[in-house]
Each structure stands twice: as C-alpha cells, then as structure tokens.
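See below for the structure under consideration.
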Amino acid sequence: TTEPTNQPSGVIQLGNGVMFLPAEGWEVQEQAASAVSVGNGEAVVVTRVVQQKKTTNPGQLCDAFNRQTLADAPGAKFGEPKDQEISLKNLGLASCPAAFVSSSNGKSQEMLVVTFAAVRNTDGLSTLTTMLFTKNTSDATFSDIDQMLGVVLTTQSAG
C-alpha cells in the first residue's frame, strides 16, 4: 500500500496548510479544527489559526489576544509586544509577554505567558501560539517549544 501523504506521523493539520507537530514527550490535551493544545507536565502550548486582514499588525493582534484570553485571570499583567525578526517570507511576527496568578490546592504560583502572533501578509491568515510556563520550566522544554513554533511558522509561510 502507498501512503497518501509523506507527512511525519503525529502531524496535526490546523487548516489552510498550517501544521503542528508535537515534540517528543508532549501530549495533545485538546484539539479542534483550527486549534491544538499540548503539554509536557512543565508547560502548555496552544496554537490557533485565525483569519485576519492582511494589513493586521502582529503586535497589536498578539496584545489584544493576550488581554482577551486573560481578561478574567487573577493578577494579570501584560508586557509590550515586540516585533520578531523572521527569515520566512510573507510573515510578520511579534511576541507578547504576560503573567497571571494560578491557584490550585491552596497554592498560588505565577504563570508566565508568551504569545507569538504571525500574520501572513499575502492573505491575512494568522497563527497565535501561546506558551504557558513557570520560572522553573527547563531549557529542554523551551527548546521543544521553539521546534514546535518553527513547524507552525514554516508551514504557515509556505501555505
């Protein structure tokens, strides 16, 4: 039998050619047609595909998204959006930091959030990749996140 596609196993299609490939040791927590959430016990990554105007500013998109997502989060704080250099054609990329206080079992800890917003300037197809982590999250986890974000952006750019 021939395989219909030559994609690596585990690739998740988020629509419009955007793909997500969970790093080794990361489990899919939730999946929808245009969104996926994965975690490894130390951090969570959520990627969404959304349609925007092609003139959308990635920094504004990213900041608005964080503020909307964390509207009800206790102690939410927001940092300035930062444009990110990227070597992929057709994409504008920005990141926005945020933080909030998470409480479970009577313990509180600060959760750190960074959202990367990428807007494809040919048609406005956009991705929002949010990572949630703590100050104790390991370098290996960040390396995995970089890898996963790279797949999203590369496939978004190529689409």
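Residue numbers are given in the working numbering: position 139 of the sequence shown equals residue 136, and the series is strictly consecutive.
Cβ atoms here follow ideal geometry from the backbone N, Cα and C, with glycine treated the same way.
Since this is a predicted model, take the numbers as computed values, not measurements.
> Who are the Cβ neighbours of T119 in its own chain at under 8 Å, not counting the five residues just before and after it?
Replying inline: By one-based count along the sequence shown, residue 119 stands at place 122. Closer than 8 Å at the Cβ level, and outside the excluded window around T119, lie K51 and N87.
> When the Cα atoms are used, what is the spatial distance from E21 to G12?
Replying inline: Locating residue 21 in the sequence shown gives position 24, counting from the first residue. Locating residue 12 in the sequence shown gives position 15, counting from the first residue. The straight-line gap from Cα to Cα measures roughly 22 Å.
>> I'd like to know if the stretch 92 to 106 and the stretch 71 to 84 are in contact, where contact means that at least 3 CB-CB pairs between them fall below 8 Å.
In response: Judged by Cβ distances under 8 Å, the stretch 92 to 106 makes contact with the stretch 71 to 84, as three or more pairs qualify.
>> For the beta strand (DSSP E) containing P94, name the first residue and the last one.
In response: Taking the sequence shown and counting its residues from 1, the one referred to as residue 94 is at position 97. Counting along the chain, the unbroken beta strand (DSSP E) around P94 starts and ends at L88 to S101.
> Taking C-beta to C-beta, are M16 and V148 nearer than 9 Å?
Replying inline: The count along the sequence shown starts at 1 and reaches residue 16 at position 19. The count along the sequence shown starts at 1 and reaches residue 148 at position 151. Going by C-beta atoms, M16 is nearer than 9 Å to V148.
> So what's I9 in DSSP terms, helix, strand or just coil?
Replying inline: Position 12 of the sequence shown, counted from the start, is the residue given in the question as residue 9. Secondary structure at I9: strand, using DSSP grouped into helix, strand and coil.
> For the stretch 36 to 69, which segments carrying the beta strand (DSSP E) assignment without a break, of at least 3 residues, lie completely within its bounds, in sequence order?
Replying inline: Scanning the stretch 36 to 69 for uninterrupted beta strand (DSSP E) segments of 3 residues or longer gives 41 to 48, listed from N- to C-terminal end.
> What is the rounded straight-line gap between the Cα of A70 and the Cα of G156?
Replying inline: Numbered from 1 along the sequence shown, position 73 holds the residue referred to as residue 70. Numbered from 1 along the sequence shown, position 159 holds the residue referred to as residue 156. So the alpha carbons of these two residues sit roughly 34 Å apart.
> Just checking my contact of E39 with T127 at CB under 8 Å: how many whole Å lie between their CB atoms?
Replying inline: Taking the sequence shown and counting its residues from 1, one reaches residue 39 at position 42. Taking the sequence shown and counting its residues from 1, one reaches residue 127 at position 130. Wrong, their Cβ atoms sit about 15 Å apart, outside the cutoff.
> Does the beta-carbon of T112 have 16 or more other beta-carbons within 10 angstroms, so that it is buried, or is it exposed?
Replying inline: Along the sequence shown, one-based indexing puts residue 112 at 115. By the neighbour-count definition (other C-beta atoms within 10 Å, threshold 16), T112 is a buried residue.
> Hey, is V25's beta-carbon within less than 9 Å of any beta-carbon in chain C?
Replying inline: Among the chains of the structure shown, chain C does not appear; only one protein chain is present.
> Looking only at DSSP bridge pairs, what is K79 linked to?
Replying inline: Start at 1 with the first residue of the sequence shown, and residue 79 comes out as number 82. Looking at the DSSP output, K79 sits in a beta bridge with S92.
> So, helix, strand or coil for G131, using DSSP?
Replying inline: Along the sequence shown, one-based indexing puts residue 131 at 134. Per the sequence shown, the amino acid found at residue 131 is Thr instead of Gly. In this structure, T131 counts as coil in the three-state DSSP scheme.
> Between the beta-carbon of Q48 and the beta-carbon of L122, is there less than 9 Å?
Replying inline: Here residue 48 refers to the residue found at position 51 of the sequence shown. Here residue 122 refers to the residue found at position 125 of the sequence shown. Cβ distance < 9 Å, so Q48 and L122 count as in contact.
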